[in-house]
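Chemist: Under the UniProt record's numbering, the first residue of the sequence shown carries the number 1, and numbering increases by one thereafter.
For glycine and all other residues, C-beta sits at the position ideal for the given N, C-alpha and C.
Keep in mind that this is a model prediction, so the values were computed, not measured.
To start, I am sharing the structure in question, which I have written as structure tokens.
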Amino acid sequence: MNSTTSPNARIGVLLVNLGTPDSPNTPDVRRYLNEFLTDGRVVDMPAAIRYPLFQGLVVPLRAPKSAKIYKELWTERGSPLLFHGLDLQKKVQAELGERYVVAFGMRYQKPSIEKALEELRAAEVERIIVLPLFPQYASASTGSVQEKVMDIVKDWWVVPSISFISQFATDPGFIATIVARGRAEMAKHDYDHIVFSYHGIPERHVKKGDPTNYCRFGSCCDTLTPQNQYCYRAQCFATSRLVAEGLGIGPEQYTVAFQSRLQSRLRDPWLQPYTDEVLKEYPAKGIHNVLAFSPAFVADCLETTIEVGEEFKEMFEEAGGKHWQLVPSLNSEPQWVDAVAEMIRRN
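Now the structure itself:
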């Protein structure tokens, strides 16, 4: 707490996740993809190229295909990313108590960040702590949320103090919760290998965030330093190292890989190795039982449940693998609620 905060002041908390369509129907998926893929921090092309390309070609072609996948993901409660986010908000609110006002918003679509910020403004909070629910910082995720928040509050006549928790890749509570989830799965089955699969980003995004030219996409990511503290790749490796230590496994027993790339490697290199390529090589190396983590995501979503949990499992089995198991996301598990509340208190 800073020295200007009065003992009775209410503190606003804004939890933010990426976003989800209102429904798995094609028109709603199209609206979501339009907003997501025309964000200049997600697709860093000039607007004059980005909007015609994605609104006129990419999104119309992709929306019907994505809608089919979203229908597989949808539940009776709707989108997992949404209802797990709302559950987390309620539980964190209960944990923090009346002095805090906790709101939840999505960077794309509903509930919007603007609506969530209005809730906090109406509650007359003295300051706001923003926690984008992305463990590792990337300009396309956390950076986009930060930009959106500041773009909204710049029009407020009175702007309260606002602080951001920009990353929590090595947060003890976050790591401990993942370790606990992993141990629960390891108690059910013996595994030959573990893969940590993170959402990929273009290599150029990493380079653009490296003004000192420290990045070499190699051993420079083996430790976190002041020079690479906001390097997405380095943070992914740091998360993996800490989880592996918690599980009691050595470097030779796990792989860090990246998924969900949009373009081909030849045209536009993304962070490597690629999960879908790595897993196909495992059976030939004698690795037939794999436990998969998705530590870039804190809630079930298309990239975890469908991509890692189903599509990668099918690829692995077709290559000769026997058992592929996805570790469940943190969602609103009690230990994760405690970790989030503790991060808020510390900030």
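1. On a CA-only basis, which of Pro295, Glu76, Glu310 and Trp336 is nearest Phe196? Give me that one, please.
2. Ile344 and Leu96: beta carbons closer than 8 Å?
3. Can you have a look at Gln253 and say buried or exposed, based on whether 16 or more other CB atoms are within 10 angstroms of its CB?
4. CB-CB under 6 Å to Gly320, same chain, minus the five flanking residues each way: which ones, in chain order?
5. According to DSSP, what are the bridge partners of Phe196?
6. Nearest CA to the CA of Pro202: which residue from Val59, Phe258, Val159 and Gly78?
7. Pick from Leu271, Ser66, Arg41 and Leu37: whose alpha carbon is nearest that of Pro52?
8. Might you give, ordered along the chain, the residues of its own chain that have their beta carbon closer than 6 Å to the beta carbon of Leu88, omitting 5 neighbours on each side?
9. What does Ala123 pair with, by DSSP beta-bridge criteria?
10. Here's the rule I'm using: 16 or more other beta-carbon atoms within 10 Å means buried, otherwise exposed. How should Asn228 be labelled?
11. Contact between the region 17-30 and the region 116-128: three or more CB pairs below 8 Å?
12. Where Pro135 and His193 are concerned, what is the direct C-alpha to C-alpha distance, given to the nearest angstrom?
13. DSSP state of Asn8, grouped into three classes?
14. According to DSSP, is Ile129 helix, strand or coil?
15. With contact counted as at least three CB pairs below 8 Å, one residue from each stretch, are the region 283-292 and the region 208-215 in contact?
Modeler: Here's the rundown:
1. Nearest option by C-alpha distance: Pro295.
2. Cβ atoms of Ile344 and Leu96: closer than 8 Å.
3. When all chains shown are included, Gln253 counts as exposed.
4. For Gly320, the CB contacts under 6 Å within the same chain, skipping 5 residues up- and downstream, are Pro283 in chain order.
5. Note: Phe196 sits in a beta bridge opposite Val256 and Phe293.
6. Nearest option by C-alpha distance: Phe258.
7. Distance check between Pro52 and each of Leu271, Ser66, Arg41 and Leu37 places Leu37 closest, using alpha-carbon atoms only.
8. So the list reads Ser332, once near-sequence residues are dropped.
9. DSSP links Ala123 through a beta bridge to no other residue.
10. Asn228 comes out buried.
11. No, because fewer than three Cβ pairs between the region 17-30 and the region 116-128 fall closer than 8 Å, the two stretches do not touch.
12. The alpha-carbon atoms of Pro135 and His193 are separated by roughly 23 Å.
13. Of the three classes helix, strand and coil, the one that applies to Asn8 here is coil, per DSSP.
14. Of the three classes helix, strand and coil, the one that applies to Ile129 here is strand, per DSSP.
15. Verdict: no, contact absent.
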